[in-house]
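Below is one structure, written out as structure tokens; the observations come after it.
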Amino acid sequence: MGNWLLHELICRAYTVPGSSIQAPGWLRRYSSAYRYQQKRVRFLWGVHALLALLIQHPAWLAASTLFTVFLSFCILDETAS
35 MGNWLLHELI CRAYTVPGSS IQAPGWLRRY SSAYRYQQKR VRFLWGVHAL
85 LALLIQHPAW LAASTLFTVF LSFCILDETA S
């Protein structure tokens, strides 16, 4: 959550609507990587939800939820490093 807030604050500080001010290159690269990682996490949770609806077994749901949380943190950690 902290990374998201920092990302938003930096982007808002460097972008002024209607002006020619552009964010520095490192920020544009970070922003695009961040958005890409968010899409990967949303896709992962979508697959998890679909499988949960199809399988509907409590043990599988618990195990897959923990695994999905772990994968989400791994994906988001790639952006931070």
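Position one of the sequence shown corresponds to residue 35 (my numbering), numbered consecutively onward. Built from N, CA and C at the ideal position, the CB exists for glycine as well. Note that the structure is predicted; figures quoted are calculated from it, not measured.
Query: Looking only at C-alpha atoms, which of 67, 66 and 71 sits nearest to residue 107?; Result: 71
Query: For residue 72, does the three-state DSSP call read helix, strand or coil?; Result: helix
Query: So what's residue 91 in DSSP terms, helix, strand or just coil?; Result: coil
Query: How many whole angstroms separate the CB atoms of residue 86 and residue 95, which I take to be in contact at a CB cut-off of 8 Å?; Result: 5 Å
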